[in-house]
């Protein structure tokens, strides 16, 4: 482990040094010529191996920039909901608090479906899920949706599917774009993009401000985004990518509506209030560094280092702006991910192997009842994990390809549940006395007030899980444009930090056996994908249907089976 991380640090340090010394005035002297790449076969880059969409042993969807422009979608969650077997559920009327469900994963979909941006997860370690409001449709080049189990490559959280959102790259030359949008409910957006690039380097700056009053009352959303992206081919073998991203927003949630009041006409669907809703603000920062080394024609090594820090202050039923910080609740999340992946293929392109090692560390804290209020609760945790994976494909015949994969790893979560109480032993307390009229020593009672708050430990426990995942698949080419595929996968999903804090201590990871089969046909003018899936989940993590038992989440005591299919044209 230490040697792997040492190699990662050395690799990134070396490429960063080269990057700092090679950015020269030649970039600023680039011409304004635009190179339009020729149309090529659709290649899927998400997952264990780059391959044509036709050869993927999974039900998959690719959404291009052209598709986005023709979709009529206002945001990314509306766009995703237009795809087969995908459902979006929003608690706010905008994309900030919206969950994406693939193949009926239910209310815990935020922990079963992995959302990636340029290969990096934006899922939160709690039940809040990914924040889709940080993504602008105008910055998306394509979206790859891979349904089914992807635990071999991505580990926990990818048991029902993976959505990889790939952002635009800069065209050659000096480019600039200003975009202004407006719509109903005082919706507006201002965006500006400036990029400069030549064949070896590119630099992009993107900024956006978006705001809307929302469909319902007390439903405002105001966000600001800033992105700085740099790419360099520092030599024939080395390349590097860096991205710095900042997102800030303020929001209002309108709260729930009573079904009976709606039915009787006493409430309107647009009603909302500060008393039944919530208000808050978010600050989200991330830094990404990727380096790739083409060791030979057959071997490529890439490494990734990603840091993210997210803060969310909020309050229920009161005004955020007029509430003192000590009365606000706060979520703080910090995470660091490091990864090394090697890709090899045989000289005759018959065998392909992808192997990788990843390690992640993070901490999480959430208050309940105020950041600095007596009896306020603090749920915090330290999250860590590491995993190794390997995947191999072999072309047995010209028309038959087999694939096998395995992942093994360990995840650890240290959960602390604490409470803020008065430190009555402190000399800083204010003391008052009152006579009782009784005989000593009961003649005087001392009251203490305004004491400093200290943390009182309620419950500290550590969960450690050993996880494994497997995958086997087959693709049979009937002809150049038609493929049959079938696959089997064993997946896992670990409890998130909220589920651990709000559930019994014996809450365990869920596992599943997944079967999938289908047929794909694609020509230049027509494409069709018919897929069938069947999977059984063991100890699936569910929300309890009754409040009579302890905790919010529990493991299902019986197998849960899901089956269905997709038809895509």
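Numbering (our numbering), first residue to last: 208 to 776. We put the beta carbon where it would ideally sit given N, CA and C, even for glycine.
Query, Result
"The alpha helix (DSSP H) with residue 285 in it runs from where to where?", "283-287"
"Excluding the five sequence neighbours on either side, which residues of its own chain have a C-beta within less than 6 Å of the C-beta of residue 671, listed in chain order?", "619"
"Let's test the definition: count the other Cβ atoms within 10 Å of the Cβ of residue 468 and tell me whether it reaches 16, buried, or not, exposed.", "exposed"
"By a C-beta neighbour count over all protein chains shown, 10 Å radius and 16 as the cutoff for buried, is residue 390 buried or exposed?", "exposed"
"Between 562, 564, 573, which lies nearest to residue 522 when the distance is taken from Cα to Cα?", "573"
"Output the distance between the C-alpha atoms of residue 408 and residue 436, rounded to the nearest integer angstrom.", "11 Å"
"Three-state secondary structure (DSSP) at residue 380?", "strand"
"Quick check: the stretch 681-688 against the stretch 596-615, are there 3 or more CB pairs under 8 Å?", "yes"
"Looking at C-alpha atoms only, which residue of 315, 742, 694, 748 is the closest neighbour of residue 713?", "748"
"What residue range is occupied by the uninterrupted beta strand (DSSP E) comprising residue 780?", "With the chain running from 208 to 776 in the structure shown, residue 780 is simply not present."
"On the DSSP bridge assignment, give the partners of residue 387 in chain order.", "397"
"Tell me, please, which residues DSSP counts as bridged to residue 612.", "598, 678"
"Return helix, strand or coil for residue 481, following the three-state DSSP convention.", "coil"
"Would you identify the three-state DSSP class for residue 719, choosing helix, strand or coil?", "strand"
"Classify residue 771 as buried or exposed, calling it buried when 16 or more other Cβ atoms lie within 10 Å of its own Cβ.", "exposed"
"Excluding five sequence neighbours on each side, which residues of the same chain lie with their C-beta closer than 6 Å to the C-beta of residue 775?", "291, 736"
"Considering only C-alpha positions, which residue in the set 505, 480, 358, 256 is nearest to residue 699?", "358"
"Use the C-beta contact count for residue 331: other C-beta atoms within 10 angstroms, 16 or more gives buried, fewer gives exposed.", "buried"
"Alpha carbon to alpha carbon, what distance is there between residue 662 and residue 634?", "17 Å"
"Tell me whether residue 536 sits in a helix, a strand or coil according to DSSP, three-state version.", "strand"
"Looking only at C-alpha atoms, which of 673, 402, 725 sits nearest to residue 715?", "673"
"Among 384, 584, 347, 366, whose alpha-carbon lies nearest the alpha-carbon of residue 373?", "347"
"Would residue 695 and residue 721 qualify as a contact pair, given that the criterion is a beta-carbon distance under 8 Å?", "yes"
"Would you call the CB atoms of residue 352 and residue 336 closer than 8 Å?", "no"
"Could you tell me the distance, in whole angstroms, from the CA atom of residue 486 to the CA atom of residue 581?", "22 Å"
"Please list, in chain order, all residues of the same chain as residue 651 whose beta carbon is under 8 Å from its beta carbon, the five residues on each side excluded.", "640, 641, 642, 643"
"Find the nearest neighbour of residue 302 within the set 320, 340, 529, judged by alpha-carbon distance.", "340"
"At the level of alpha carbons, what is the spacing between residue 547 and residue 255?", "13 Å"
"Straight-line CA distance for residue 381 to residue 344?", "22 Å"
"Can you tell me which of 365, 417, 403, 540 puts its alpha carbon nearest to the alpha carbon of residue 387?", "417"
"What does DSSP give as the partner residue(s) for residue 620 in the beta ladder?", "590, 670"
"How many Å lie between residue 323 and residue 364 at the Cα?", "11 Å"
"Quick check on residue 706: does DSSP put it in helix, strand or coil?", "helix"
"What do you get for residue 466, buried or exposed, if any count of 16 or more other CB atoms within 10 angstroms of its CB means buried?", "exposed"
"Less than 6 Å between C-beta atoms, sequence neighbours within five positions excluded: which residues of the same chain meet that for residue 383?", "401"
"Grab the span of the alpha helix (DSSP H) containing residue 469 for me, first residue to last.", "466-471"
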